[in-house]
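Adding 180 to a residue's 1-based position in the sequence shown gives its number in my numbering.
Every residue gets a Cβ at the ideal spot worked out from N, C-alpha and C, and that includes glycine.
What follows is one structure encoded as structure tokens, with my remarks underneath.
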Amino acid sequence: MVEKVIEVKELTKKYGNLSAVDHISFDVYRGEIFSLVGPNGAGKTTTVEILECLRKPTSGVARVFGLDVVHDEEKIKKKIGVVPQEFNTFNRLTVKENVDLVAKIYGVKSGLKQNLKRLGLWEIKDKKFEALSGGTKRRVGIAMALAGKPELLFLDEPTTGLDPQARRELWETIRSLKKMGVTIFLTTHYMEEVEALSDRASIIVKGKLFTTGTVSELVSKYGGDIKIVVKGERRAETVIKRFTKNVFVGEQGNIIGTFPNRRDVAKALLSLYKLSGKCRINVVEPTMEDVFLRVVGGRIDESGELIS
Ligand code: ATP
Numbered sequence: 181m182v183e184k185v186i187e188v189k190e191l192t193k194k195y196g197n198l199s200a201v202d203h204i205s206f207d208v209y210r211g212e213i214f215s216l217v218g219p220n221g222a223g224k225t226t227t228v229e230i231l232e233c234l235r236k237p238t239s240g241v242a243r244v245f246g247l248d249v250v251h252d253e254e255k256i257k258k259k260i261g262v263v264p265q266e267f268n269t270f271n272r273l274t275v276k277e278n279v280d281l282v283a284k285i286y287g288v289k290s291g292l293k294q295n296l297k298r299l300g301l302w303e304i305k306d307k308k309f310e311a312l313s314g315g316t317k318r319r320v321g322i323a324m325a326l327a328g329k330p331e332l333l334f335l336d337e338p339t340t341g342l343d344p345q346a347r348r349e350l351w352e353t354i355r356s357l358k359k360m361g362v363t364i365f366l367t368t369h370y371m372e373e374v375e376a377l378s379d380r381a382s383i384i385v386k387g388k389l390f391t392t393g394t395v396s397e398l399v400s401k402y403g404g405d406i407k408i409v410v411k412g413e414r415r416a417e418t419v420i421k422r423f424t425k426n427v428f429v430g431e432q433g434n435i436i437g438t439f440p441n442r443r444d445v446a447k448a449l450l451s452l453y454k455l456s457g458k459c460r461i462n463v464v465e466p467t468m469e470d471v472f473l474r475v476v477g478g479r480i481d482e483s484g485e486l487i488s
């Protein structure tokens with residue numbers, strides 16, 4: 181039986197006439213990485229801040245570890261760690277001083293060195309926060325959030341603004357937290373991040389939740405067809421036609437076949453390899469980008485804006 185760490189039912193948050201979060205429902209299971217994915221202004225931060233007991237819902241229910249976010253704030257706060265969007269802390273303090281400070285607030289004395297080591301911060305523990313790169317600053321944020329030994333960690337847009345290398349390094353850090361048994365709730369507007377990290381994800385746009393599932397469930401339900409693209413072998417057209425009706429010749433003479441069925445992809449590939457060992461064959465799988473396009477009817481650009 182999976183244990184629900186977060187339960188959200190018909191949750192709504194209004195600011196005047198604006199429904200920032202509009203009757204959304206989803207669950208998060210113990211031990212998983214769950215992503216709430218959507219463009220700027222979708223309602224991600226509002227949702228996270230309600231779950232962190234920082235904002236009150238207008239209506240609906242949100243439970244964390246079975247506790248109500250409105251009535252059980254103190255108990256919930258003891259069990260969660262929070263890294264807010266655009267995380268910042270005392271600039272003039274060192275990495276270790278910042279982490280020690282939070283540990284003192286929580287009354288925690290053990291495990292701090294191990295924490296810094298695990299996050300790759302031990303070697304730079306005496307550096308001032310202001311001197312660190314963006315990715316390292318986020319890791320300090322995570323170390324501070326872990327100081328209270330939380331069972332559930334909220335990461336609000338943890339890799340926004342980082343370069344691809346720093347983003348990948350942070351993904352590794354987040355995966356290592358999951359291995360430690362921490363449940364992770366993250367928000368993001370990067371589809372690549374959803375694919376790289378999440379066990380399950382929910383898509384949210386303009387306060388409304390569109391769909392929830394594992395990445396592979398979402399991709400197989402909404403991602404569309406799998407493509408085979410063959411370069412440098414015109415005879416491939418006849419071969420592919422035996423397995424799918426949808427075959428066309430692309431601009432550069434590539435033969436492209438689209439397949440709703442994975443088994444037919446495998447059969448076509450076998451026949452293509454028999455035809456020639458020289459032609460270049462690419463299998464193009466649908467991605468979360470395709471899912472978002474299909475479900476929402478738009479895509480999200482690098483800065484997080486929705487493009488319809
Ligand atoms: P972003 O990444 O841009 O913060 P988000 O998905 O986290 O996007 P929210 O910050 O939750 O979105 O904002 C959702 C909507 O609610 C937006 O239209 C925002 O302008 C509005 N909003 C957020 N906080 C307030 C507030 N305190 N008062 C009024 N409107 C607000």
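Its chain contains N271, R272 as the residues whose beta carbon lies nearer than 8 Å to that of E310, once the 5 sequence neighbours on both sides are disregarded; these appear in chain order. Residues lining ligand 1 by the Cβ criterion, that is a Cβ closer than 5 Å to any of its heavy atoms, are Y195, A200, N220, G221, A222, G223, K224, T225, T226 in chain order.
Residue Y209 holds the alpha-carbon nearest to the alpha-carbon of M181 among I420, I304, Y209. Taking the Cα positions, T238 is about 18 Å away from G221. With fewer than 16 other CB atoms across the displayed protein chains lying within 10 angstroms of its CB, G287 is exposed. Just so you know, the alpha carbons of L326 and I256 end up roughly 15 Å apart. Straight through space, the alpha carbons of L473 and G457 are spaced by roughly 35 Å.
Scanning the segment 374-433 from its first residue to its last, the whole alpha helix (DSSP H) runs of 4-plus residues come out as 395-402, 416-421. In the structure shown, G321 adopts helical secondary structure according to DSSP, grouped into three states. Here the segment 364-378 does not lie against the segment 312-330, with fewer than 3 beta-carbon pairs under 8 Å apart. Bridge pairing for T226: absent [DSSP].
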